[in-house]
Ligand SMILES: Cc1cc2nc3c(=O)[nH]c(=O)nc-3n(C[C@H](O)[C@H](O)[C@H](O)COP(=O)(O)OP(=O)(O)OC[C@H]3O[C@@H](n4cnc5c(N)ncnc54)[C@H](O)[C@@H]3O)c2cc1C
């Protein structure tokens, strides 16, 4: 089974055309900044007036500011090249990978397995990533019509704004790639299993067609893919890959015609080292959630929301941008989750949900992964609580999801003594109380407000009709009987999933839609795989599965150049 | 009511912290360093322009591994040996010399309430 493309017309596809037209590149910026005194839009003449007005004329230093003054593109100015006499050491490889995370480590190992001499420069003191589940399609167990149906579903999940050829590439190569990651990580001593199709219960049939999956699981918590990538890095070291830790990349080395020839990184000793790459540089630095300028500019939705990662300052975005790369247009895709405060299997169950004050705020059939959209103000900042009473095991028995009985809930209660299992102990936040007031205090909401909310909710339940939010009657259960339970969740930015324009080889494209020689982008830095408001949970573990797959394919591709 | 969110809760780090006050005489915190005769130059170097102190400068006197071994009993977790950085967390993300120290971990781990000296 393969993803042989159907008839393509001449020139770039619709996705690429849109990014070239509306995305942000150095050329589009400089071209206009030089243009003159009038307020000129960053997005060019063809952009809508609203968009053009969103950006004030860039100042001489090359900063652009949004009209509310809140967002500044401080990363725009390209720094002066570091001179050769500032370089303490120059090393030469075939392939240089920047970033040892979920896409970088697979890229490095894959390149090495295909004969390349590989270096990885990594900002952190060791390989680092997050999450547990990374998924692919088991082609042998799937009907082709099912694969295509899932591709169509994922494109729709992205509001039809993604690049279909990349989705299809994941679909037809992820099974092989995820199996490879499992195998190689095991060789490095990882605790990993293939949970297979049972982990993807909701998509065993898509549009009636049968599907099978490869579902890698590094866990249980607190073990994660971070540990998994460290194990994979051991396998990579055995295969000859050289790792350089605490060695953030700061600049690319470019030739006269802009081709990327290597990377300059700064060591822990403060000295610069040059890593020349004969075949190519693969940037795999993750997202930019800790870069305020980039975040405020490209995804103002998350301005007040807390972060889950550190040091994801979008370094690869800046590097690729300086080299001529193109950012996907404003309105990037975000991932905000809390699977940890209480059982993950209960996070989408439509119990009463209250905001940080204690007010009901939503029809609770909205999934946890979307609730950030209701809680993005500074006051709520992603916090909400699910509330239920002593009868939840019977009242919610038929709801979607999986109930954890009271005894199991203790594993998620910080106030319960005893060791916890399979959770991040510091993140659990489930509570039990004899009164609603006491529960409110534990959930950090206003007691009087919560009591009033529950009173009103019980009225709605008694009437049999949710006249406040329209939730189906089958999901209306009263909150009457002690003990009362609450799960205080806080959805935080796990990842930002939009990136920079690439082609099917994950090679960066410039503002003309031409490949930038020697520059490849994988992981969340690579664009085209999403496009919706929120990351979709149709395929559980799509994000890591995509990172592994594109790392695996790109490492191989660059090694063979 | 609006809740004030310090920017560190968003995880944006320390950029710009120094920009404003370079050269100004820092408020002298009652510091063990001063008491033990550690001079300005030993942290800031001889350039005469005090700025952010690189991590390796602290490590010249404090070995992170030894330090981590000394604080294994710290509750609820060892700040000097953690999941995200091992022993290599930049000291100045918690300890400050001229102002109150802060707790890097607290915004994300609300029960990691240790006091940073
Ligand atoms: C708590 C949490 C749970 C998650 N759970 C899941 C899950 O179960 N399933 C799923 O599919 N997704 C999950 N995700 C999302 C997933 O972890 C990310 O989408 C994925 O890790 C992104 O991979 P990446 O390779 O792009 O970046 P990362 O894995 O973040 O790796 C980037 C690497 O680059 C390094 N780096 C950064 N800048 C530089 C530089 N200048 N020079 C050198 N190195 C640099 C960083 O140190 C880092 O190691 C989760 C995310 C979080 C935060």
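Chains as they are written, first to last, in this note's numbering: chain A, 1 to 561; chain B, 562 to 678. Backbone N, C-alpha and C fix where the C-beta goes; we use that ideal spot for every residue, glycine too.
Close to chain B, meaning a Cβ-Cβ distance shorter than 8 angstroms, are the following residues of the segment 240 to 254 of chain A: 246.
Residue nearest to residue 424 of chain A within the set A/413, A/79, A/3 is A/413 (criterion: CA-CA distance).
Distance between residue 185 of chain A and residue 177 of chain A, taken at the CA atoms: about 12 angstroms.
Within chain B, the C-beta atoms nearer than 8 angstroms to that of residue 268 of chain A come from 616, 617, in chain order. Residue 673 of chain B has a beta carbon lying within less than 8 angstroms of a beta carbon in chain A. Per DSSP, the unbroken beta strand (DSSP E) holding residue 266 of chain A starts and ends at 260 to 266. Judged by their CB atoms, residue 214 of chain A and residue 324 of chain A are not nearer to each other than the 8 angstroms cut-off. A heavy atom of ligand 1 is found nearer than 7 angstroms to the CB of residue 525 of chain A. At the C-beta level, residue 538 of chain A and residue 203 of chain A come within 8 angstroms of one another.
Residue pairing by DSSP places residue 334 of chain A opposite A/496, A/534 in a beta bridge. Residue burial annotation: residue 86 of chain A is exposed, with fewer than 16 other C-beta atoms found within 10 angstroms of its C-beta. Taking 8 angstroms as the threshold, the shortest C-beta distance from residue 668 of chain B to chain A falls below it. Checking the DSSP bridge columns, you'll see residue 82 of chain A has no partner listed.
DSSP, reduced to helix, strand and coil, places residue 462 of chain A within a helical segment of the structure shown. A direct Cα-Cα distance of roughly 28 angstroms separates residue 103 of chain A from residue 21 of chain A. Less than 8 angstroms divides the Cβ of residue 232 of chain A from the Cβ of residue 109 of chain A. Taking a beta-carbon distance threshold of 8 angstroms, residue 414 of chain A counts as an interface residue toward chain B. When DSSP reads this structure, residue 526 of chain A sits in a beta bridge with A/500. Here residue 274 of chain A is not near residue 116 of chain A, since their CB atoms are 8 angstroms or more apart. The C-beta of residue 158 of chain A has 16 or more other C-beta atoms within 10 Å across all chains shown, which makes the residue buried. The segment 288 to 304 of chain A and the segment 470 to 484 of chain A do not touch, with fewer than 3 CB-CB distances between them shorter than 8 angstroms. If you draw a straight line from the Cα of residue 1 of chain A to the Cα of residue 165 of chain A, it comes to about 15 angstroms. In this structure, the beta-carbon distance from residue 371 of chain A to residue 384 of chain A falls below 8 angstroms. Taking the beta carbon of residue 125 of chain A as reference, the chain B residues within 7 angstroms of it are 646, 647, 649, listed in sequence order. Listed by position along chain B, the residues whose Cβ is nearer than 9 angstroms to that of residue 113 of chain A form an empty set, because the closest Cβ is around 28 angstroms away.
Secondary structure of residue 405 of chain A (DSSP, three-state): coil. With fewer than 16 other Cβ atoms from the protein chains shown falling within 10 Å of its own Cβ, residue 603 of chain B counts as exposed. In this structure, DSSP gives residue 243 of chain A an extended state, which the three-state scheme calls strand. At a cut-off of 8 angstroms between beta carbons, residue 463 of chain A makes no contact with chain B.
For residue 138 of chain A, no beta strand (DSSP E) run applies, since DSSP gives it neither H nor E.
Boundaries cannot be given for residue 670 of chain B, as no beta strand (DSSP E) includes it and DSSP labels it neither H nor E. When DSSP states are grouped into helix, strand and coil, residue 274 of chain A belongs to the strand group.
Counting only Cβ-Cβ distances below 8 angstroms, residue 426 of chain A has contacts in chain B at 637, 638, 670, 672, 673, in chain order.
With contacts defined by Cβ atoms closer than 8 angstroms, residue 488 of chain A and residue 443 of chain A form a contacting pair. Annotation for residue 121 of chain A indicates a beta carbon within 7 angstroms of some heavy atom of ligand 1. At a cut-off of 8 angstroms between beta-carbon atoms, residue 306 of chain A makes contact with chain B.
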